[in-house]
Structure formats: C-alpha cells, structure tokens
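The structure appears right after this line, and notes come after that.
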Amino acid sequence: MTDTTNTKTTAATAPKKPRWRFHWNHLFSEIVTTNICTGCSGCIVACPHDVLQYDDKWHPVLMGKAHVEGDDSHCVHGEKACTMCTRACPRFRDWEPEIDTHLFGRPRERTTDTELIGIYQSILLVEATNETIARLGQDGGLASAMLIFCLEKKYIDAALVNYYDKEWKATPGVAWNKEDVLRAAGSRYTYSANTLAYQEAIDTGAEKLALVGMSCQSSVPPAMMRRGARKPGKKFVLNIGLLCSKTFTDDIYENLIEAEYGVKRTEIRKVNIKGKLQLWLEKDVKDGDYLEIPLKECHPFTREGCKTCPDFSAEHADISMGGIGKYNGRTLTIVRTDTAAGILKEMQEEGWIRVWDAVDEDPGAVALMRKLAKKSRKRWPIAADNPHGPEAAAPGVTPQPPPAPAPTNPPS
Ligand SMILES: Cc1cc2nc3c(=O)[nH]c(=O)nc-3n(C[C@H](O)[C@H](O)[C@H](O)COP(=O)(O)OP(=O)(O)OC[C@H]3O[C@@H](n4cnc5c(N)ncnc54)[C@H](O)[C@@H]3O)c2cc1C
77 MTDTTNTKTT AATAPKKPRW RFHWNHLFSE IVTTNICTGC SGCIVACPHD
127 VLQYDDKWHP VLMGKAHVEG DDSHCVHGEK ACTMCTRACP RFRDWEPEID
177 THLFGRPRER TTDTELIGIY QSILLVEATN ETIARLGQDG GLASAMLIFC
227 LEKKYIDAAL VNYYDKEWKA TPGVAWNKED VLRAAGSRYT YSANTLAYQE
277 AIDTGAEKLA LVGMSCQSSV PPAMMRRGAR KPGKKFVLNI GLLCSKTFTD
327 DIYENLIEAE YGVKRTEIRK VNIKGKLQLW LEKDVKDGDY LEIPLKECHP
377 FTREGCKTCP DFSAEHADIS MGGIGKYNGR TLTIVRTDTA AGILKEMQEE
427 GWIRVWDAVD EDPGAVALMR KLAKKSRKRW PIAADNPHGP EAAAPGVTPQ
477 PPPAPAPTNP PS
C-alpha cells in the first residue's frame, strides 16, 4: 500500500501564493511616472470601473470621481482592493518571467543569447498565396491571411486591428470579415494600441478575439491570464505580434515629411522601414512617386513609450511577424505556441501559404533580427528594477562574465 502521509503533509504545508494586492497607486508610481509605460492600454481595457483613459502621451490617467481627494496617484477602487490594472500591465514587477512561465512553463533562458528573441519553436519565411492578400499585406501578408483564415474557420469572431481614420491617423478598430482585414492590411509606423478596440468587439457580440499588436500589446493577454484578469484575458484566442524597434509620434507627418519633403500624409500610399523610411506616394516628388528619408531624421520623433521597451520580437505572442530580410514579399515569422503552429500547418495544407525555413533560406535576416533584439534588450532601465530584486532585470541582455585577468607571472 502506498504511504500518502508525506504527500498530505506536503500539500497542507505548501507555501501559499501571496495574494495579489497591487493597485493603481503601485502602477502609477512604478510604471507611469517612471516612463516604463508603453501605452499598451492593458490597464484601460481591464479596468472594471472604466475610470482610466489615455492622456496625450499614451499614459493612463484617472477620470472623474475615481481620485482619492483629487490625487492622481490614488484610485478609490484601488483603495477598496481593486487590482485589475496591475494584473493586466505587461511591464509590472516580474512581468517577463511570469508571462514566460504562463505560456511556456519556464522563463526565457538567459545564459546564452539564443532566447533574446523570446522562447520559440521555429523561425520561418512565409508568404500568402492569394495575390490580393500578398499585394495589400506589408511583407508577404501572413498576418492578414491568418486573420481571414481564422475568421472563415470560425476560430475567431473578430480581430483587433489598425485602420487609418478620416484624418489618416493610425487608429484601433475591429475587423469582422475579409474586407475589413484587407482594409486594415499594411503597416502604419505611428503608435496605436489595437487592444483598445476590445470593448467595441465585445459589445458587438464577439467572444473569440485575435489581437494584432506591437510587442508591448502582445504581452497583455497572457499577463491578464497569468495574474487572474481572466474575464478580458480569456477572450483573446489568437495573439499575433509585430516585430518592432520603435514607433513614431504623429507629428512626424507634419513636422518632417510635409515640412521638409512637401508630402502631405494623405498623399502617402504605403510606408515601410528598411534601413530608411520608405514612402510610396500618390504624386511625383522630384524624380518619381517614391521617397526615402534617412532614419536619423526620424529619430527625434520616436515615441517616449518606446524608448525603454526591451522587446523587439513580440516575445509573448503566439506568433511574431516582421519584414527583415532579402525577400520583400516574405514575412519573417517566429512560431512560439502550439496554437500558432497548428493554424500554420492547416493553412499550409490548404494552400493558403508557402513556407520556408528562415535559417536555411535567409540566415542574414535571422542574424539581424537577433542583433536588433539584443539592442532593444539594452533599453530596459536597470533603475526600473524596483524593489523586487534581480528578476526584474530579466528583460536585459545576458550578463557576460568579466574577462579573465592577464597572468602577471607568465610561466617560463
Ligand atoms: C509600428 C510598426 C513597427 C514595425 N517595426 C518593424 C521592425 O522594426 N522590423 C520588422 O521586421 N518588422 C517591423 N514591423 C512589422 C512589419 O511592418 C509587418 O507588420 C509584419 O512584417 C507583418 O507583415 P504582413 O505582410 O504579414 O502584415 P499585413 O498582412 O499587412 O498585416 C499587418 C497588420 O498590422 C496591423 N497594423 C498596422 N499598423 C499598425 C500599428 N501601427 N499598430 C498596430 N497594428 C498595426 C494591421 O492592421 C494589420 O492587421 C513593424 C510594424 C509596425 C506596425
């Protein structure tokens, strides 16, 4: 007979997970005022009292009567034990190892550089076989093809994507069908938290959502699931992350592209970044309808929230996609979860995509991606380590051992 005494003793005495007690005051002092806040809008989406909104720097601020005695750092609901905003924040405390563990069962390996791009199963090059999707897509159209595939299969009811609004500003929105997805295809290099379209999708009846988002946004759904903000978190069934080294503030259009190059934002058909800002235009400028702007002229327009972001490769998405590489029409793709691997396999079997191994086909692209990931990791401010010890530094680059001292008495 098996002796269960020890098991019982162990279960009874196992240390209890400490209760999550962090609320708006902690988020405000550790994330918002320290400028670690990326503007992902996770806290705004998760707030059950609807008392948070964006300010003009994509920072959350308290609205209405939620302040305690007119103080921005104290929320009445937080004081009464509401903790949803910190549970949804993908930069709060030990966010990286916690979300890694939720998704992959362990934190990212940090003794080598292999997982600077996060934990993954494979790195591929993928192109959509449908000509329209490939043409309208930014870099091969995989993101749009996957959304259309999942809508048609009813794996998702809707997708949170990005559109141009009437003034040609990047703005979050919901895609319900193929036409919407194609209207949203392509990249806009100004910031837009697609997560914010969550409420519209839910209010209109969606239960299963895909999120397309920058790296910071793609850490929101698993942060929610890990920390018990499950009501919004469980609606996200597919998480598509975009590789990203930065986004620009909206005034880049007026103050650089129009002021220096005479091109209005409404005259731009497509934008890309490949070592420089590339613009395809409605009208001829100088020698044609294409314009290149050196990136160093764009740097002053870098959005504050991107300057401390350590995640180039959308490490907590199901699948991450980028445009690096020698093939213009192929999406550089990092497959991370079984969800993404399963959908890709079905898409390939049904002829929606062509797939190559990126390490064999374009090793230069993979090397550049790793290099850019390392550069972004260095942005994580050590001062942001907060009171919680070395784990908080996990997003940084792998610490290297000091060089061995030169021998003072060489052997004769
Ligand atoms: C701001 C930004 C910076 C990027 N930086 C890099 C980079 O440094 N290196 C790199 O390799 N790749 C980068 N990418 C990713 C790249 O531009 C493509 O999005 C990616 O390769 C997928 O291509 P695709 O053809 O599959 O996308 P598509 O099929 O065209 O789909 C793109 C999806 O992205 C959404 N989207 C567009 N603009 C935004 C936005 N501003 N915010 C949120 N969602 C948006 C669209 O709604 C659409 O659903 C960046 C993308 C963006 C938006």
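Numbering (the working numbering), first residue to last: 77 to 488. C-beta: ideal position from N, C-alpha, C; glycine also. A quick note: this is a predicted structure, and the numbers were derived from the prediction, not measured.
Residue i - partner residues in DSSP beta bridges
i: Q354; result: N348, E368
i: I316; result: V288, I395
i: A443; result: For A443, which the question treats as bridged, DSSP gives no partner whatsoever.
i: I199; result: I410
i: P248; result: N238
i: V144; result: D147
i: T266; result: F324
Alpha-carbon spacing of residue i relative to residue j, whole angstroms
i: I369; j: K359; result: 16 Å
i: T247; j: Y265; result: 11 Å
i: S295; j: V313; result: 13 Å
i: C151; j: A142; result: 5 Å
i: R95; j: A157; result: 11 Å
i: S291; j: S105; result: 23 Å
i: F180; j: H392; result: 9 Å
i: E283; j: K311; result: 6 Å
i: A416; j: E185; result: 21 Å
i: I344; j: P308; result: 36 Å
i: M445; j: R406; result: 15 Å
i: P124; j: G427; result: 43 Å
i: K229; j: E422; result: 11 Å
i: I193; j: H153; result: 37 Å
i: Q214; j: C116; result: 22 Å
i: A443; j: A434; result: 10 Å
i: Y329; j: I349; result: 15 Å
i: G516; j: I232; result: Here the chain has residues from 77 to 488 only, and residue 516 is not among them.
i: T26; j: I195; result: Here the chain covers residues 77 to 488 and nothing more, so residue 26 does not appear.
i: G440; j: K402; result: 8 Å
i: M397; j: N253; result: 21 Å
i: K489; j: A390; result: Absent from the structure is residue 489, since the part of the chain shown begins at 77 and ends at 488.
i: I395; j: E155; result: 38 Å
i: D148; j: N101; result: 9 Å
i: R211; j: G399; result: 14 Å
i: Y239; j: T271; result: 13 Å
i: N206; j: L355; result: 24 Å
Same chain, Cβ closer than 7 Å to residue i, five either side skipped, listed in chain order
i: V111; result: Note that residue 111 is Asn in the sequence shown, not Val. The residues are E380, T384.
i: A251; result: L223, A234, A235, V237, V257, A260
i: K450; result: D189, L192, V473
i: A273; result: L236, P248, G249, V250
i: M160; result: A122, C123, P124, A305
i: Q197; result: V411, R412, A417
i: E467; result: Note on E467: pLDDT 49, under 50, position unreliable in the model; the coordinate value appears next. Cβ neighbours of E467 beyond the five flanking positions: D170, P173.
i: W244; result: R341, T342
i: E437; result: L201
i: E276; result: V250
i: N315; result: L287, S294, P297, A393, D394
i: C326; result: The sequence given here places Asp at residue 326; Cys does not occur at that position. Within the same chain, D326 has close Cβ partners K245, T266.
i: R453; result: L192, P386, P471, G472, V473
Own chain residues within Cβ distance below 8 Å of residue i, not counting five before or after
i: D131; result: V137
i: R455; result: K383, T384, C385, P386
i: V431; result: L200, L201, V202, L420, Q424
i: P183; result: E172, P173, D176, T177, A470
i: I209; result: G217, S220, A221, I224, L258, A261
i: L357; result: V339, E343, I344, R345, D365, Y366, L367
i: P93; result: Here residue 93 is Lys; the residue named in the question, Pro, does not match the sequence. Once the five neighbours on either side are set aside, K93 has no close Cβ partner at all.
i: K447; result: none
i: C374; result: F324, I328, L332, L353
i: L103; result: C119, P136, C161, T162, C165, F168
Contact with chain D by residue i, beta-carbon distance below 8 Å
i: K141; result: Reference to chain D is not applicable here, since this structure consists of a single protein chain.
Cutoff 6 Å; reference residue i; Cβ partners in own chain excluding five residues on either side
i: C320; result: M290, S291
i: R167; result: I107, I112
i: K322; result: T378, C382
i: T114; result: C292, G381, C385
i: E336; result: none
Residue i Cβ short of 7 Å to ligand 3 heavy atom set
i: L218; result: This structure simply doesn't include ligand 3; it includes ligand 1 instead.
In chain order, which alpha helix (DSSP H) runs of at least 4 residues are fully inside the segment 361-432?
-> Runs of the alpha helix (DSSP H) lying entirely within the segment 361-432 and spanning at least 4 residues, in chain order: 371-374, 414-425.
Counting only runs that start and end within the segment 147-173, where is the alpha helix (DSSP H) found for 4 or more residues in a row?
-> With a minimum length of 4 residues, the continuous alpha helix (DSSP H) runs that stay inside the segment 147-173 are 152-155, 160-164.
Mind listing, in chain order, the continuous alpha helix (DSSP H) runs of no fewer than 4 residues lying wholly within the segment 97-140?
-> Listed in chain order, the complete alpha helix (DSSP H) runs (minimum 4 residues) inside the segment 97-140 are 100-103, 118-122.
Which whole runs of the beta strand (DSSP E) in the segment 180-229 are 3 residues long or more, in chain order?
-> You should have 198-204.
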